[in-house]
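Undergrad: Chains as they are written, first to last, in my numbering: chain G, 182 to 433; chain Y, 11 to 238; chain P, 23 to 271. Even for Gly, the Cβ is constructed at its ideal location relative to N, Cα and C. Take this structure, written in structure tokens, and hold onto it; I'll ask about it next.
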Amino acid sequence: MITNIQTFFQDLASSGINLTIFYDAFDFDRFITGLGNTLLLILVSAFLSIVIGAGCAAILTLSNGFAAAIVRGYIALFRNTPLIVQMYFFYFAIGSIMPVGRNELGLPQPLISSFSWAVLSLSLYSGAFNTETFRAGIGAVHNSYEEAALALGYGKRQAFFSVTAPLALRFSFASLANNLVDLTKATTVAYAVGVAELLYVSNQIWSDSLNTIEMMNVMLVIYLVLTGAVVFIINRVEAAMRLPGFGLGDGQ
Amino acid sequence: MNQSNLLAQILEWMPFVLQGFVLNILMSVLAIAIGTTVGTFLGFGQISPNILIGAPAKLATQLFRNAPWLVLLFYCIFLMPYQVNIGGVMIQLPSWLRATIGFSFPVAANFSEIVRGSVNSVPRGQWEAAEALGYSRRATLFRIILPQCVTRMVPPWMNLYALLLTATPLSMIVGVEEALGRTQAAVQAQSDSRVLIPMYLALLAMFFLYTWPINRLSLMLERRFRTK
Amino acid sequence: MTITLNAAPLICLRGVRKSFGTFEVLRGIDMDIRKGEVVAIVGPSGSGKSTILRTINGLTPINEGTIQVGDIEVSDPKLDQVKLRHRVGMVFQQYNLFPHKTVLENVAMAPIQVLRQPRRLVEERARKLLADMRLPDKASSYPGELSGGQQQRVAIARALCMEPEVILFDEVTAALDPEMVKEVLSAVRKVAEDGMTCILVTHEMGFAREAADHVYFTDKGVIVEHAPPADFFTKASDPRTKEFLSKVL
Chain G
182 MITNIQTFFQ DLASSGINLT IFYDAFDFDR FITGLGNTLL LILVSAFLSI
232 VIGAGCAAIL TLSNGFAAAI VRGYIALFRN TPLIVQMYFF YFAIGSIMPV
282 GRNELGLPQP LISSFSWAVL SLSLYSGAFN TETFRAGIGA VHNSYEEAAL
332 ALGYGKRQAF FSVTAPLALR FSFASLANNL VDLTKATTVA YAVGVAELLY
382 VSNQIWSDSL NTIEMMNVML VIYLVLTGAV VFIINRVEAA MRLPGFGLGD
432 GQ
Chain Y
11 MNQSNLLAQI LEWMPFVLQG FVLNILMSVL AIAIGTTVGT FLGFGQISPN
61 ILIGAPAKLA TQLFRNAPWL VLLFYCIFLM PYQVNIGGVM IQLPSWLRAT
111 IGFSFPVAAN FSEIVRGSVN SVPRGQWEAA EALGYSRRAT LFRIILPQCV
161 TRMVPPWMNL YALLLTATPL SMIVGVEEAL GRTQAAVQAQ SDSRVLIPMY
211 LALLAMFFLY TWPINRLSLM LERRFRTK
Chain P
23 MTITLNAAPL ICLRGVRKSF GTFEVLRGID MDIRKGEVVA IVGPSGSGKS
73 TILRTINGLT PINEGTIQVG DIEVSDPKLD QVKLRHRVGM VFQQYNLFPH
123 KTVLENVAMA PIQVLRQPRR LVEERARKLL ADMRLPDKAS SYPGELSGGQ
173 QQRVAIARAL CMEPEVILFD EVTAALDPEM VKEVLSAVRK VAEDGMTCIL
223 VTHEMGFARE AADHVYFTDK GVIVEHAPPA DFFTKASDPR TKEFLSKVL
């Protein structure tokens, strides 16, 4: 079976469409590594950015003081500067003052890998957008729900976590899906700091095998599948959490 | 080397980096112009009742909206010719210009969605009322619907421009000498790791000072339109 | 509906004033409500009726005056909110049930989470209250699956489950379709007959007349007059009251 596939793509290569990743074991391994790293970047950064977004939105809602000012500053900074410059700032500038360890050969090795810097940078960037998403979701929940909770003796914080936040989440899905699609696309920027993600390995493969167009098309298809999958998953979660008589258009 | 020396070094490089930033602005202005024009047609195509126009417009919009900017940039850099022959005149396409075209695709797709979204946000009753008065579909769109939603398209369009501007340094990866590329070159030439943080902070500040007012203005306009 | 007339009032408002911006909604309100009493507040829209209710459980802070609920001073800045809201329940015009919780959870969650009472005990009580409200089979439904009248009865059960000493009813039938008004009013009447102190803001004059012990008429932020319903609806003295009654009766 596998030999059949390999033969097919080798024949295809001789006719001009050279997809080395389907018959060359080395290119296949590189490609799978890249795909794996891209998936890992998406999953870890998506998780962290949602945590950051939810935490910051809670701070903006519950506090007016110093903490809220910090969060507002964070959002303004990360939304109004380029992701790639942020990533360079973390990787090159902040990375230059970070402690350096030694690897097993005794050579200097940064304690924080480029992958970690990329995750940090993507999470903070996407987290700023998620904060605004959740904040808008909170704003969409009619304040009569909070009032009902207060009338039952809930404190402001308790009412927020038991009543407002679960309802706000349900108003946030459409915008969250958008942000996560953007995050999926933005993982390609990790290429710039040398993370061996999909774009990076594809570039290596087409440089070695001279099949630029083929690899670009494969990559494009994969990103379209990934962004489609993100939307599909969020829609499934949204459907599973849908409440009778409560949805967009009737925040009452 | 003392602190003032360090500052002097950084200031010395600023004109060089700022010239790069002018290229970022130039690319963003060109790309928003091309993207808005193409996006307008794509957007009208998306709302067309003719499936032969609607389906390709929707497909193109989704394709360019969901593809990473960097991937589209690679397509344009590697697959576009270095020069084109238009009516016997050879026109050079330097990499910054090819990058600009690369940025125009996602901008067009995003603007197409802005057009579709704002036209769809006009209540159905407006179309029906115009139809009842004998307006054709085209006349309804241009005389009744669009005048209502053009103002509503301005804030998301401004956000799109801000997003585009912050995407332009991606072109550094494909060798365009814009602000980030020049900052990289500067810190390498300095070979003093102490300039790294201030140099990158200066670069972040440049983008922030340009983009922040645009996003603020967009937010203000959005609030004003919403209360109307 | 026996009233101990000589007992000290359970709720006592003195000179309560409240402004929203430059608009003065309450311009010196005095009220006394005794334990077990059913009080109806009537008046034209915008006369401040609902605001009076909301000041009593502290949802709307007041600018001047005093509000006493039992031994609690509501405008005290060191007020224990939980203690106040344990004693004062509220039912809203729009029900305001929590759409992400089942009917049973809606009724039981505050006693469990706020009063820290044992779950088993609270749920038992909640089921009994739902049965009293003639909703025994709706415990595991979500509010969005119920009619407006059913939702409002759940909201009454939710207020009762806190075992308060007084319940504030804020135009509880105003958002309902006409055919559901009756079922909610009879639920309110049952609560009143069981001895609960009730303060109702209402547009249902017939209901105020038969269920209330005392009727207050408010207009433009002041209490114009108050009397037992028999007197109020027949011998109103103030021209503003007369005009209002001529419109609504």
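Between which residues of its own chain and F31 of chain Y is the CB-CB distance below 6 Å, once the five residues before and five after are set aside?
TA: For the purposes of this step, residue 31 of chain Y is identified with residue 21 of the second sequence, where counting begins at 1. These residues qualify, in order along the chain: A189, M216.
Undergrad: How far does the alpha helix (DSSP H) with H236 of chain P in it extend, from its first residue to its last?
TA: Locating residue 236 of chain P in the third sequence gives position 214, counting from the first residue. First-last for H236 of chain P: 236-241, but that is the beta strand (DSSP E), not the alpha helix (DSSP H).
Undergrad: Return the CA-CA distance between D431 of chain G and Y164 of chain P, expressed in angstroms with no decimal places.
TA: For this step, residue 431 of chain G is matched to residue 250 along the first sequence. For this step, residue 164 of chain P is matched to residue 142 along the third sequence. Unreliable placement is indicated for D431 of chain G, whose pLDDT of 45 sits below 50; the coordinate value is still reported in the next sentence. The straight-line gap from Cα to Cα measures roughly 16 Å.
Undergrad: Would you say F413 of chain G reaches chain Y, if we count a Cβ-Cβ gap shorter than 7 Å as a contact?
TA: Reading the first sequence from its first residue, position 232 is the one you call residue 413 of chain G. No, F413 of chain G lies away from the interface with chain Y (no Cβ there is under 7 Å from its Cβ).
Undergrad: Give a single yes or no on whether M396 of chain G has its beta carbon closer than 6 Å to a heavy atom of the ligand GTP.
TA: Summarising the ligand content, the structure contains no ligands, and the ligand GTP is consequently not present.
Undergrad: Of all the options Y:S201, Y:G185, Y:R233, which has the alpha carbon lying nearest to the alpha carbon of C86 of chain Y?
TA: Residue numbering aside, residue 86 of chain Y sits at position 76 when the second sequence is read from its first letter. The option with the nearest alpha carbon to C86 of chain Y is Y:G185.
Undergrad: I need the DSSP call for S208 of chain P, collapsed to helix, strand or coil.
TA: Taking the first residue of the third sequence as 1, we reach residue 208 of chain P at position 186. Helix, per DSSP.
Undergrad: Given a threshold of 16 other Cβ atoms within 10 Å of its Cβ, counted over all protein chains shown, does F315 of chain G qualify as buried or as exposed?
TA: Here residue 315 of chain G refers to the residue found at position 134 of the first sequence. By the neighbour-count rule (16 or more Cβ atoms within 10 Å), F315 of chain G is buried.
Undergrad: Helix, strand or coil for D54 of chain P per DSSP?
TA: Residue 54 of chain P sits at position 32 when you count from the first residue of the third sequence. Note: D54 of chain P maps to strand in three-state DSSP.
Undergrad: Taking DSSP as the reference, what is the three-state secondary structure of L185 of chain P?
TA: Taking the first residue of the third sequence as 1, we reach residue 185 of chain P at position 163. It is worth fixing the name first, because residue 185 of chain P is Glu in this sequence and not Leu. Coil.
Undergrad: Quick check on D210 of chain G: buried or exposed, where buried means 16 or more other Cβ atoms within 10 Å of its Cβ?
TA: What you label residue 210 of chain G is simply residue 29 of the first sequence in a count that begins at 1. Its Cβ having fewer than 16 others within 10 Å, D210 of chain G is exposed.
Undergrad: Taking the straight line between their C-alpha atoms, what separation do you get for M100 of chain Y and V94 of chain Y?
TA: Your numbering for residue 100 of chain Y matches position 90 in the second sequence. Your numbering for residue 94 of chain Y matches position 84 in the second sequence. About 6 Å.
Undergrad: For R283 of chain G, list the residues DSSP reports as bridge partners.
TA: Position 102 of the first sequence holds residue 283 of chain G. For R283 of chain G, which the question treats as bridged, DSSP gives the partners G:P289.
Undergrad: Chain G partners of N76 of chain Y, CB-CB under 8 Å?
TA: The residue you call residue 76 of chain Y lines up with position 66 of the second sequence. Those within 8 Å of N76 of chain Y in chain G are V362, K366, Y404, L405, T408, G409.
Undergrad: Could you give the uninterrupted runs of the alpha helix (DSSP H) lying entirely in the region 285-349 of chain G, keeping only those of 4 residues or more?
TA: Fully enclosed alpha helix (DSSP H) runs of 4 or longer: 295-321, 324-332, 337-340.
Undergrad: Whose C-beta lies closer than 7 Å to the C-beta of R147 of chain P among residues of the same chain, with five residues either side of it excluded?
TA: Looking up residue 147 of chain P in the third sequence gives position 125. Here the set comprises C183.
Undergrad: Relative to chain G, which residues along the region 204-228 of chain Y have a C-beta separation below 8 Å, given in chain order?
TA: Under the 8 Å Cβ criterion, the region 204-228 of chain Y contributes L206, I207, M209, Y210, L211, L213, L214, F217, F218, T221, W222, N225.
Undergrad: Where in the region 19-68 of chain Y do unbroken runs of the alpha helix (DSSP H), each at least 4 residues long, occur, reported from the N-terminal end onward?
TA: Whole alpha helix (DSSP H) segments, 4+ residues: zero.
Undergrad: Counting only beta-carbon separations shorter than 7 Å, does F88 of chain Y have a partner in chain G?
TA: Translated into positions along the second sequence, residue 88 of chain Y becomes position 78. Yes, F88 of chain Y counts as interfacial toward chain G.
Undergrad: Let me check one thing: in DSSP terms, what residues is I101 of chain Y bridge-paired to?
TA: In the second sequence, the residue the question calls residue 101 of chain Y occupies position 91. DSSP output for I101 of chain Y lists Y:V94 as bridge partner(s).
Undergrad: Give me, in chain order, the residues of the same chain whose beta-carbon lies closer than 7 Å to that of C159 of chain Y; leave out the 5 immediate sequence neighbours on both sides.
TA: Within the second sequence, numbered from 1, the residue matching residue 159 of chain Y stands at position 149. Around C159 of chain Y: S128, V129, S131, V132.
Undergrad: Give the interface partners of G166 of chain P over in chain G, defined as CB-CB distance under 8 Å, in chain order.
TA: Taking the third sequence and counting its residues from 1, one reaches residue 166 of chain P at position 144. Ordered by position in chain G, the residues that pass the 8 Å Cβ test against G166 of chain P are L424, P425, G426, F427.
Undergrad: Run through DSSP, which three-state label would M268 of chain G get?
TA: Here residue 268 of chain G is taken as the residue at index 87 of the first sequence, counted from 1. Note: M268 of chain G maps to helix in three-state DSSP.
Undergrad: Can you list, in chain order, the residues of the region 260-272 of chain G whose Cβ is nearer than 8 Å to any Cβ on chain Y?
TA: Answer in chain order: R260, N261, T262, P263, L264, I265, V266, Q267, Y269, F270.
Undergrad: Run through chain G and tell me which residues come within less than 7 Å of H108 of chain P, C-beta to C-beta.
TA: As a working note, residue 108 of chain P is residue 86 in the third sequence. Going along chain G in sequence order, the residues near H108 of chain P (Cβ under 7 Å) are G334.
Undergrad: Considering only residues of the same chain and omitting the five flanking positions on each side of D232 of chain P, which have a CB-CB separation below 7 Å?
TA: As a first step, residue 232 of chain P is located in the third sequence; it is residue number 210 there, counting from the start. Contrary to the premise, residue 232 of chain P reads as Glu rather than Asp in this sequence. Here the set comprises nothing.
Undergrad: If we cut at 7 Å on Cβ distances, does V210 of chain P have a partner in chain G?
TA: In the third sequence, counting from the first residue as 1, residue 210 of chain P sits at position 188. No, V210 of chain P does not count as interfacial toward chain G.
Undergrad: In the DSSP output, what is S169 of chain P paired with across the bridge?
TA: In the third sequence, counting from the first residue as 1, residue 169 of chain P sits at position 147. Looking at the DSSP assignment, S169 of chain P forms no beta bridge with any residue, so it has no partner.
Undergrad: Does any residue of chain P have a CB that is nearer than 7 Å to the CB of V344 of chain G?
TA: One-based indexing of the first sequence puts residue 344 of chain G at position 163. True, the Cβ-Cβ gap to chain P drops below 7 Å.
Undergrad: Among the residues of its own chain, which have a CB less than 8 Å from the CB of W167 of chain Y, if the five just before and after it don't count?
TA: Along the second sequence, one-based indexing puts residue 167 of chain Y at 157. The answer, listed in chain order, is T46, F121, I124.
Undergrad: Less than 7 Å between CB atoms is the rule here; does P347 of chain G satisfy it with respect to chain P?
TA: For the purposes of this step, residue 347 of chain G is taken as the residue at position 166 of the first sequence. Yes, its Cβ sits closer than 7 Å to a Cβ of chain P.
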